[in-house]
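Read through the structure below, which is laid out as structure tokens, and then see the notes.
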Amino acid sequence: MSAPFVPHTGDEIAEMLGFLGLSSLDELFEAVPAALRLAGGLDLPPGESEADVVDRLDELAGRNRAVGRSLVCFAGAGAYDHEVPAVVRSLASRSEFVTAYTPYQPEVAQGVLQAIFEYQTMVARLAGLEIANGSLYDGAASLVEGVNLSVAATGSHRVLCSAGVNPRWRSVLGTFARGPGHEVTTVPLAGGVTNWAAVAGDGPAGAVVVALPNFLGCLDDVAGARALAEATGARLVVAIDPVVAALLTSAGSLGADVVIGEGQPLGTPLSFGGPYLGLFACRAADVRRLPGRLVGETVDAEGRRAYVTTLRAREQDIRRERASSNVCTNQTLMAVTAAIQLGWLGTAGLAEVALGSARAGRYAHEVLCALDGVEPISTAPFVREFALRLPVPAEVAVDRLAEEGYLAGVAVREGFEGTEAEGALLVATTERRTRAEIDGFAASLEKVIR
Amino acid sequence: MTPPETETHPTGPLPGGRALSAPLLGREDEPTLFELSSPGRRASSLRTTGLPQWGADELVPASWLRTEPVPLPEVSERDLAAHFTRLSHRQYSVDLGAYPLGSCTMKYNPKVCDEAAARAGFANVHPASPPFLVQGWLQVLCELEEMLCEVTGMAAATLQPAAGAAGELTGLLLMRAYHAARGQDRRKVIIPDSAHGTNPASVTLGGYEVTTVGTNARGGVDLDSLRAALDEDVAGIMLTNPSTLGLFEEDISEIAAAVHEVGALLYYDGANLNAILGVVRPGDMGFDIVHLNLHKTFATPHGGGGPGSGPVAVSARLADYLPGPRPVRLEGGGFSWATPELSIGRLHSWHGNALVLLRAWIYLRLHGPDGLRRVAEIAVLNANWLRERLRGTYDLPYDRPVMHECVVSAASLERETGLRAIDVAKRLLELGFHSPTVYFPLIVEEALMIEPTETESPQTVAALADALVQVAAEARAAGDAASARQAPRTTPVRRVDEARAARRLVATYDQRP
Ligand SMILES: Cc1ncc(COP(=O)(O)O)c(C=O)c1O
Numbered sequence: 001m002s003a004p005f006v007p008h009t010g011d012e013i014a015e016m017l018g019f020l021g022l023s024s025l026d027e028l029f030e031a032v033p034a035a036l037r038l039a040g041g042l043d044l045p046p047g048e049s050e051a052d053v054v055d056r057l058d059e060l061a062g063r064n065r066a067v068g069r070s071l072v073c074f075a076g077a078g079a080y081d082h083e084v085p086a087v088v089r090s091l092a093s094r095s096e097f098v099t100a101y102t103p104y105q106p107e108v109a110q111g112v113l114q115a116i117f118e119y120q121t122m123v124a125r126l127a128g129l130e131i132a133n134g135s136l137y138d139g140a141a142s143l144v145e146g147v148n149l150s151v152a153a154t155g156s157h158r159v160l161c162s163a164g165v166n167p168r169w170r171s172v173l174g175t176f177a178r179g180p181g182h183e184v185t186t187v188p189l190a191g192g193v194t195n196w197a198a199v200a201g202d203g204p205a206g207a208v209v210v211a212l213p214n215f216l217g218c219l220d221d222v223a224g225a226r227a228l229a230e231a232t233g234a235r236l237v238v239a240i241d242p243v244v245a246a247l248l249t250s251a252g253s254l255g256a257d258v259v260i261g262e263g264q265p266l267g268t269p270l271s272f273g274g275p276y277l278g279l280f281a282c283r284a285a286d287v288r289r290l291p292g293r294l295v296g297e298t299v300d301a302e303g304r305r306a307y308v309t310t311l312r313a314r315e316q317d318i319r320r321e322r323a324s325s326n327v328c329t330n331q332t333l334m335a336v337t338a339a340i341q342l343g344w345l346g347t348a349g350l351a352e353v354a355l356g357s358a359r360a361g362r363y364a365h366e367v368l369c370a371l372d373g374v375e376p377i378s379t380a381p382f383v384r385e386f387a388l389r390l391p392v393p394a395e396v397a398v399d400r401l402a403e404e405g406y407l408a409g410v411a412v413r414e415g416f417e418g419t420e421a422e423g424a425l426l427v428a429t430t431e432r433r434t435r436a437e438i439d440g441f442a443a444s445l446e447k448v449i450r
Numbered sequence: 451m452t453p454p455e456t457e458t459h460p461t462g463p464l465p466g467g468r469a470l471s472a473p474l475l476g477r478e479d480e481p482t483l484f485e486l487s488s489p490g491r492r493a494s495s496l497r498t499t500g501l502p503q504w505g506a507d508e509l510v511p512a513s514w515l516r517t518e519p520v521p522l523p524e525v526s527e528r529d530l531a532a533h534f535t536r537l538s539h540r541q542y543s544v545d546l547g548a549y550p551l552g553s554c555t556m557k558y559n560p561k562v563c564d565e566a567a568a569r570a571g572f573a574n575v576h577p578a579s580p581p582f583l584v585q586g587w588l589q590v591l592c593e594l595e596e597m598l599c600e601v602t603g604m605a606a607a608t609l610q611p612a613a614g615a616a617g618e619l620t621g622l623l624l625m626r627a628y629h630a631a632r633g634q635d636r637r638k639v640i641i642p643d644s645a646h647g648t649n650p651a652s653v654t655l656g657g658y659e660v661t662t663v664g665t666n667a668r669g670g671v672d673l674d675s676l677r678a679a680l681d682e683d684v685a686g687i688m689l690t691n692p693s694t695l696g697l698f699e700e701d702i703s704e705i706a707a708a709v710h711e712v713g714a715l716l717y718y719d720g721a722n723l724n725a726i727l728g729v730v731r732p733g734d735m736g737f738d739i740v741h742l743n744l745h746k747t748f749a750t751p752h753g754g755g756g757p758g759s760g761p762v763a764v765s766a767r768l769a770d771y772l773p774g775p776r777p778v779r780l781e782g783g784g785f786s787w788a789t790p791e792l793s794i795g796r797l798h799s800w801h802g803n804a805l806v807l808l809r810a811w812i813y814l815r816l817h818g819p820d821g822l823r824r825v826a827e828i829a830v831l832n833a834n835w836l837r838e839r840l841r842g843t844y845d846l847p848y849d850r851p852v853m854h855e856c857v858v859s860a861a862s863l864e865r866e867t868g869l870r871a872i873d874v875a876k877r878l879l880e881l882g883f884h885s886p887t888v889y890f891p892l893i894v895e896e897a898l899m900i901e902p903t904e905t906e907s908p909q910t911v912a913a914l915a916d917a918l919v920q921v922a923a924e925a926r927a928a929g930d931a932a933s934a935r936q937a938p939r940t941t942p943v944r945r946v947d948e949a950r951a952a953r954r955l956v957a958t959y960d961q962r963p
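Sequences listed follow chains A and B, in order.
When the letters of the first sequence are read in order and numbered with the numbering used here, they come out as residues 1 to 450.
When the letters of the second sequence are read in order and numbered with the numbering used here, they come out as residues 451 to 963.
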């Protein structure tokens, strides 16, 4: 019997059954109709010891190629290889944070609540808006919720979404738009930035969505998006990269009503794509439509400072079918991690991470574009990510460069079919990329395309 | 007890860099990281890159360039460690003690899972890596999908949903796609009045209207009211079985037959699957769509409110609609991705909460079929034992044996002494236990929903029962609830003024008056 975390001894089980007037554990399931009960047991591999399972994990982990010295990461597309120091990993893995539930009893959950409050403050500052929530699942979920908020606020289901928004997030939006019946129009890019003129004058809308920078790394036309939002009565939703945002005028001051983003670059490892962190910020005027948990500061019975989840009447457990969102469990641990990471970075550190990523981006762009047959797909300004047209299919380059020790980037396909960017290689940099790594990458790419 | 407004200290009342344990020992406030900040101090240092030292103004066009840096706390690594360690000391957790929140399945989270999830071979893998670089990951995901299908009795699954509520919405969109493919535009989804709040919220987001059905005297779905609600406009029913009352739905076969008869589908909210692991499977009960909460049944840590993971498993007739891409086995060995033909599309930025999925894979491999069944048996044993111990002290609505949790009521206590469920909860905190879930399900007055889980020993469950009995006895002896109303007195803060938090919203440090 392999139930390694069940502490009950045989005698204890017998005694407990006796107290209930039962003679076997089977009798506990009397309420389950006999005809439905599983006769032969589950057909699963037999339980094994921890040591045996760890052996299997060694083998499985060995068949993954982690990024690092032997696979230098130039892939991004929403997931970035930033520095996460030991202190952040250590503090964020404290079991008091890891093994707590949602803070339903604030008197014994001040640790998580205060950490979320600090996180909310930092995200609001980064976004340039007044309010940030306690997290959503990931960037895609934040996009969906940002659109839902906008639709609820304006009464219009029409969504004008730039093709520069992460194509996987757009796909998720398309999936979830079917329920409430949002009509999503994808506004095409021209020269790497959104061609808002393509939809101008088409009548009212609920949301205009733009990414800064966009999926191809370009600084997109947020002013155009703002103007369109005003003309159509829509809320402006801006998707940010929280690292690049440290170099740019804040989305809030560019006129964003809602700021969303993928918070993974703030202390969460690449993790094969999850768990990540959905960033979500909005104006104070929209706080009653905010999705998910919000922590507020208050006092306890003795007047001491205390924290608690607040404006709960928006949430599913109280408002049920009229809730602003269905989200319950979110990604609190990643939000706490982000607060710790931003605390570690500080004002200067975050700016340096952004600047370092941008320097590596500029340098990589220069040396890669100097190769014969390699061309940028756009001349629009970029910061830390850019798309290149190669003389070979991007997938081929990625496969071959992996053998050379580089994760070369991400092939642009899904969501860009039939556009100028289709088949390009999307290359990303972080503050961790060195000159030697970039030079080595360029040399290997040259070999591969020759 | 209240500390003086200003303390004498060389660097002011709330100086940066103060590392002492007063917040733990003396119930003193923990300053925010912003208050601990000292301009110019820092913890971080970055890699030496050898790159040209271009300035920001050379890299970003002037019209985009930020003029003021984002203001963040400025602390040393030592300050950071002290602050978050002190915060952690103001936080209850499963590692610290029993966490009998009903519906939440707060069981012990095996450490081997955390260690594996931190390995570079899993944690430092880029999600856009081509399949040949991530065969280990793809195998984990494929095998997990297969194991979850076996546990639920379903044909295929998606691992993308990031939590239970995301799984629910996925299931509803699958329902929509299924009916649409039959040229049907059904508008209603039925939900029992005992359902979790995410169910109705998801129904709305799925584009459906909620029809609520009542609960019968035995705590099951009221069959007459269900039959009355069923027609060709019903897309499906969402059921939690065992229900949020901790009761197995005895009429499940009749319910399934009636629902299928009108062409509607059965959705299984798997939050309570822990009760029936290896005993009975949703698929065998007639369910078409199942979501699981890996952060409950499969012991992945809840992280103070996530990350979770809410895979959705479906019967064969729904498999073609599943979200994609899905991990698949290739003929001749190896693994890759494939998107089902009629897929409803993506649900997640990448492949779901992969490191949570890995933990569930490990949990399944550690347990195997016998271990899983033992988990269910002991979870049910603990809940029933606890419930019997509370008989005579608390009301036992729908009085019959329960599954993995029990819902008791403080209604009589409240009438006799004024002691409410919330007071019981707060007094329990003083006695060293996290409180049960209170005021849910909504159909039980003064509800206390208690789920001990199988990882709590008989001694712990007995101590929890003793504490619950003690709280009631104190109020009955005093004839009132005055003392319990003062609880908790021994926690980092006393009862928190929730009304004030909502009335005078301070949701960031910058909103402080
Ligand atoms: C019965 C039930 N259904 C659904 C959910 C929602 O799950 P999640 O919080 O993972 O979104 C929960 C948990 O909170 C639950 O207890």
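Think of the CB as a built atom: it goes at the ideal place given N, C-alpha and C, for glycine as much as any other residue.
Quick caveat, the model's predicted, so the values are computed rather than measured.
Rounded separation between residue i and residue j - CA only
| i | j | result |
| --- | --- | --- |
| P777 of chain B | T154 of chain A | 39 Å |
| G670 of chain B | D701 of chain B | 8 Å |
| E12 of chain A | P908 of chain B | 7 Å |
| G664 of chain B | P642 of chain B | 6 Å |
| G255 of chain A | L551 of chain B | 43 Å |
| F785 of chain B | V590 of chain B | 10 Å |
| S933 of chain B | I872 of chain B | 13 Å |
| A548 of chain B | G128 of chain A | 41 Å |
| D317 of chain A | K447 of chain A | 58 Å |
Three-way DSSP call (helix, strand, coil) for residue i in this model
| i | result |
| --- | --- |
| M556 of chain B | coil |
| V84 of chain A | coil |
| S444 of chain A | helix |
| L219 of chain A | coil |
| M688 of chain B | strand |
| P4 of chain A | coil |
| F698 of chain B | coil |
| N148 of chain A | helix |
| Y844 of chain B | strand |
| Y119 of chain A | helix |
| G476 of chain B | With a pLDDT of only 48 at G476 of chain B, under the threshold of 50, the placement of this residue in the model should not be trusted; the figure read from the coordinates follows. Correct three-state label for G476 of chain B: coil. |
| V520 of chain B | coil |
| E30 of chain A | coil |
Span of the alpha helix (DSSP H), counted from its first residue to its last, around residue i
| i | result |
| --- | --- |
| H817 of chain B | 804-840 |
| T620 of chain B | 614-631 |
Terminal residues of the beta strand (DSSP E) in which residue i lies
| i | result |
| --- | --- |
| P46 of chain A | Per DSSP, P46 of chain A belongs to no beta strand (DSSP E) and is neither H nor E. |
| I872 of chain B | Premise fails: I872 of chain B lies in the alpha helix (DSSP H), 871-880, not in any beta strand (DSSP E). |
| V244 of chain A | Premise fails: V244 of chain A is in no beta strand (DSSP E) and is neither H nor E. |
| A75 of chain A | Segment: none, A75 of chain A is in no beta strand (DSSP E) and carries neither H nor E. |
Whole-Å CB distance - residue i paired with residue j, under 8 Å assumed
| i | j | result |
| --- | --- | --- |
| G621 of chain B | G181 of chain A | That pair is no contact at about 18 Å. |
| G261 of chain A | P242 of chain A | 6 Å |
| P275 of chain A | L805 of chain B | 6 Å |
Discussion item. Quick test of the definition: if touching needs 3 or more C-beta pairs under 8 Å, does the stretch 165-177 of chain A touch the stretch 33-41 of chain A?
Written reply: no
Item to complete: Please determine if the stretch 117-126 of chain A and the stretch 190-210 of chain A are in contact, where contact requires at least 3 C-beta pairs separated by less than 8 Å.
Response: no
Fill in: Meets three-Cβ-pair contact criterion under 8 Å: the stretch 84-92 of chain A and the stretch 294-312 of chain A
Between the stretch 84-92 of chain A and the stretch 294-312 of chain A there are fewer than three inter-stretch CB-CB distances shorter than 8 Å, so the stretches are not counted as touching.
Discussion item. With a threshold of 8 Å, are at least 3 pairs of Cβ atoms found where one atom belongs to the stretch 509-527 of chain B and the other to the stretch 69-83 of chain A?
Written reply: The stretch 509-527 of chain B, when compared against the stretch 69-83 of chain A, does not touch it at the 8 Å Cβ threshold.
Discussion item. Whether or not the stretch 47-58 of chain A and the stretch 486-505 of chain B are in contact is what I'm after, with contact meaning three or more pairs of Cβ atoms, one per stretch, closer than 8 Å; do they touch?
Written reply: no
Discussion item. Is it the case that the stretch 332-349 of chain A contacts the stretch 60-67 of chain A, given that we only count it when at least three CB pairs across the two stretches are under 8 Å?
Written reply: no
Worksheet item: Does the stretch 385-402 of chain A come close enough to the stretch 575-593 of chain B that 3 or more CB-CB pairs lie under 8 Å?
Response: yes
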